Amino acid sequence: MDETLGSRRFMHEQSLVLESTQRQIVELLPRLRRLARVLAGQPADADDLVQVTVERALGARSQWRPGTRLDSWMFRIMKNAWIDETRARRRRGAVLAPEEEGDKVGDAGARAVEARLEAAEVERAIARLPQEQRLAVALVLVEGLSYKEAAGVLEVPEGTLTSRLVRGRQALLAELGGANAG
Amino acid sequence: MPDDERLMAYVDGELTASERATFEQRLDADPELRRRLAGQQELRRRLAAAFDPILEEPPPLRLTLAAQAANAPGRSRRPVQWAAMAACLALGVIVGRTALPQRGPLTTQAGALVAQGRLASALDQRLASEGGAIRAGVSFRSADGRYCRTFQSEPDKLAGVACRQPRGWVASTVTAWSAPAQQAGYRTAGSETPPPVLAAVDAMIAGEPLDAAGERAARDRHWRP
Numbered sequence: 010m011d012e013t014l015g016s017r018r019f020m021h022e023q024s025l026v027l028e029s030t031q032r033q034i035v036e037l038l039p040r041l042r043r044l045a046r047v048l049a050g051q052p053a054d055a056d057d058l059v060q061v062t063v064e065r066a067l068g069a070r071s072q073w074r075p076g077t078r079l080d081s082w083m084f085r086i087m088k089n090a091w092i093d094e095t096r097a098r099r100r101r102g103a104v105l106a107p108e109e110e111g112d113k114v115g116d117a118g119a120r121a122v123e124a125r126l127e128a129a130e131v132e133r134a135i136a137r138l139p140q141e142q143r144l145a146v147a148l149v150l151v152e153g154l155s156y157k158e159a160a161g162v163l164e165v166p167e168g169t170l171t172s173r174l175v176r177g178r179q180a181l182l183a184e185l186g187g188a189n190a191g
Numbered sequence: 007m008p009d010d011e012r013l014m015a016y017v018d019g020e021l022t023a024s025e026r027a028t029f030e031q032r033l034d035a036d037p038e039l040r041r042r043l044a045g046q047q048e049l050r051r052r053l054a055a056a057f058d059p060i061l062e063e064p065p066p067l068r069l070t071l072a073a074q075a076a077n078a079p080g081r082s083r084r085p086v087q088w089a090a091m092a093a094c095l096a097l098g099v100i101v102g103r104t105a106l107p108q109r110g111p112l113t114t115q116a117g118a119l120v121a122q123g124r125l126a127s128a129l130d131q132r133l134a135s136e137g138g139a140i141r142a143g144v145s146f147r148s149a150d151g152r153y154c155r156t157f158q159s160e161p162d163k164l165a166g167v168a169c170r171q172p173r174g175w176v177a178s179t180v181t182a183w184s185a186p187a188q189q190a191g192y193r194t195a196g197s198e199t200p201p202p203v204l205a206a207v208d209a210m211i212a213g214e215p216l217d218a219a220g221e222r223a224a225r226d227r228h229w230r231p
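Residue numbers (the numbering used here), protein chains in the order written: chain P, 10 to 191; chain E, 7 to 231.
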């Protein structure tokens, strides 16, 4: 009897832990979508990447240690999912080139059109970066992680992260900045 | 630390206070360094302008549902294939075939498709967690404040969305549907619901789908707004 009660209580506690993890994941969705957009480019591909990330995270949730950062842990899962996906695409011979964005502009106001075109230029420049540099730029410059946190997500030494970051930035500045490159 | 890296670390807030002070003295004395700093700051600004608006977008329903999956998977799984699912049928076909004898799941009332019989009682009573041949999937509030639910009916081979109005459950989207082959014990509302129905929910929903407690509370209030 006691055993049944104890095991029921355990199950109940487990389900509360699951619910609170799920709530935190729902709260993280906007940031996961932003990171995925930097990595995958196309919005539909990006949301597919988020979905795979969420499913893998829930499947592996026993590996997450409460008290550590859920965002960094999920970014790492997304990084691995993205690397798997790009390998699979390369095997299928799919082209990774970004699409032209002209059709997205629609009939928004002139200011919005300008912002959209500028964003499209940035997205194209990012899409041309090698994967490793894109990951470094995405985590530090877009997500705002510290070097230490970003190196942890990428599972590389901090020096490796910073050299990828330097090269990624130089490439972006050369592409976007013109005279300001440096 | 090479120059490029020091400039980068300054922009990224990675220098210690004393390193910052030393670097700022150099900045004061070196217009070329200031020009490069401005370039780095402009790059950060452009990245934020391009990607930060995504934070304001409501995430698509399928992602929220994936995160809320009640019975989370033990391992990664590909999304259910919907190849077997027929294309969305014109409402008239379903009504014509099933509702004319007035015994099908849906009937027309003043131009609206209203659930009846087993489908109506499933929408009234059944919680998403309960399963069954006629299942309720996602429950949510629409922009006009009504409670709406997705449903899948194995006997009727259709799925859709219906909102609770005073005269009953009025279906706004109905599509032909048959149950996918069982996936090793793992189901979520997101993977069960056909894409046309999910798209309809995305267009109708205000806020997030109801969680299990919200669904139960709404049912106990008889789905009155």
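All C-beta atoms in this analysis are idealised placements derived from N, C-alpha and C, irrespective of residue type, glycine included. Treat the numbers as computed from the prediction; the structure is a model and nothing was measured.
Subject >> Where residue 82 of chain P falls: helix, strand or coil (DSSP) >> reply: The DSSP-derived three-state label of residue 82 of chain P is helix.
Original post:
Hey, is residue 65 of chain E's beta-carbon within less than 8 Å of any beta-carbon in chain P?
Top reply: For residue 65 of chain E, the nearest beta carbon of chain P is closer than 8 Å to its own beta carbon.
Original post:
Is the stretch 36-49 of chain P close to the stretch 48-62 of chain E, with three or more CB pairs under 8 Å?
Top reply: A contact exists between the stretch 36-49 of chain P and the stretch 48-62 of chain E.
Original post:
Does the distance from the CB of residue 73 of chain E to the CB of residue 149 of chain P come in under 8 Å?
Top reply: No, these two residues do not count as a Cβ contact at 8 Å.
Original post:
What is the DSSP secondary structure of residue 192 of chain E, counted as helix, strand or coil?
Top reply: Note that residue 192 of chain E has pLDDT 43, beneath the 50 cutoff, so the model's placement of it is unreliable and the number below is only indicative. Note: residue 192 of chain E maps to coil in three-state DSSP.
**OP:** Go to residue 166 of chain E, then tell me how far its beta strand (DSSP E) extends in each direction, as first and last residue.
**Re:** Per DSSP, residue 166 of chain E belongs to the beta strand (DSSP E) from 164-171.
Original post:
Expressed to the nearest angstrom, what Euclidean distance is found between the alpha-carbon atoms of residue 152 of chain E and residue 175 of chain E?
Top reply: Cα to Cα, the separation comes out at about 10 Å.
Original post:
Hey, residue 154 of chain E and residue 139 of chain E: beta-carbon distance below 8 Å or not?
Top reply: No; because the gap between Cβ atoms is not below 8 Å, this pair is not in contact.
**OP:** Would you decide whether residue 136 of chain E is buried or exposed? Buried here means 16 or more other CB atoms lie within 10 Å of its CB.
**Re:** Residue burial is scored here from C-beta neighbours: residue 136 of chain E has fewer than 16 other C-beta atoms within 10 angstroms and is therefore classed as exposed.
Subject >> Extent of the continuous beta strand (DSSP E) to which residue 123 of chain E belongs >> reply: For residue 123 of chain E, no beta strand (DSSP E) segment is defined; the enclosing uninterrupted segment is the alpha helix (DSSP H) at 123-131.
Original post:
DSSP three-state call for residue 134 of chain E: helix, strand or coil?
Top reply: When DSSP states are grouped into helix, strand and coil, residue 134 of chain E belongs to the helix group.
**OP:** Write down the C-beta distance between residue 58 of chain P and residue 91 of chain P rounded to the nearest angstrom, noting that I regard them as a contact closer than 8 Å.
**Re:** Sure, about 6 Å apart at Cβ, within 8 Å.
Subject >> Beta-carbon proximity list for residue 203 of chain E, same chain, < 7 Å, skipping 5 on both sides >> reply: Only residues of its own chain outside the window of five on either side were considered, and among them 156, 165, 166, 167, 179 and 181 have a CB closer than 7 Å to the CB of residue 203 of chain E, listed in chain order.
Original post:
Going straight from the alpha carbon of residue 130 of chain P to that of residue 48 of chain P, what length do you get?
Top reply: Between the C-alpha atoms of residue 130 of chain P and residue 48 of chain P there is a straight-line separation of about 15 Å.
Original post:
Do residue 129 of chain E and residue 116 of chain E come within 8 Å of each other at the CB atom, strictly closer than that value?
Top reply: No; because the gap between Cβ atoms is not below 8 Å, this pair is not in contact.
Subject >> Under 7 Å by beta carbon: chain E residues contacting residue 92 of chain P >> reply: What residue 92 of chain P touches in chain E: nothing, since even the nearest Cβ is about 14 Å away.
Subject >> Start and end residues, alpha helix (DSSP H) containing residue 116 of chain E >> reply: Here residue 116 of chain E belongs to no alpha helix (DSSP H), and DSSP marks it neither H nor E.
Original post:
Is any beta-carbon of chain E found at less than 8 Å from that of residue 95 of chain P?
Top reply: Chain E has no Cβ within less than 8 Å of the Cβ of residue 95 of chain P.
Original post:
What does residue 20 of chain E reach in chain P if we use C-beta pairs closer than 8 Å?
Top reply: Listed by position along chain P, the residues whose Cβ is nearer than 8 Å to that of residue 20 of chain E are 155 and 156.
Subject >> Extent of the continuous alpha helix (DSSP H) to which residue 5 of chain E belongs >> reply: Beyond the ends of chain E as shown, which are 7 and 231, falls residue 5 of chain E; an answer cannot be given.
Original post:
Between which two residues does the alpha helix (DSSP H) carrying residue 155 of chain E extend?
Top reply: Annotation: residue 155 of chain E is outside any alpha helix (DSSP H); the continuous beta strand (DSSP E) that includes it extends over 153-159.
Original post:
Going along chain E in order, which residues have a C-beta closer than 9 Å to the C-beta of residue 56 of chain P?
Top reply: Per Cβ cutoff of 9 Å: 65, 66, 68 and 69.
**OP:** Please check if any C-beta of chain E sits within less than 8 Å of the C-beta of residue 183 of chain P.
**Re:** Not one chain E Cβ lies under 8 Å of residue 183 of chain P.
Subject >> Coil, strand or helix - residue 177 of chain P by DSSP >> reply: If DSSP states are grouped into helix, strand and coil, residue 177 of chain P belongs with the helices.
Original post:
Who are the near neighbours of residue 229 of chain E in its chain, counting only those whose CB is closer than 6 Å to its CB and skipping five residues on each side?
Top reply: Leaving aside the five residues that flank residue 229 of chain E on each side, the residues in its chain whose CB is nearer than 6 Å to its CB run, in chain order, 153 and 170.
Original post:
Cα separation between residue 109 of chain P and residue 131 of chain E?
Top reply: In this prediction, residue 109 of chain P scores a pLDDT of 46, lower than 50, which makes its location untrustworthy; no coordinate-derived value is stated.
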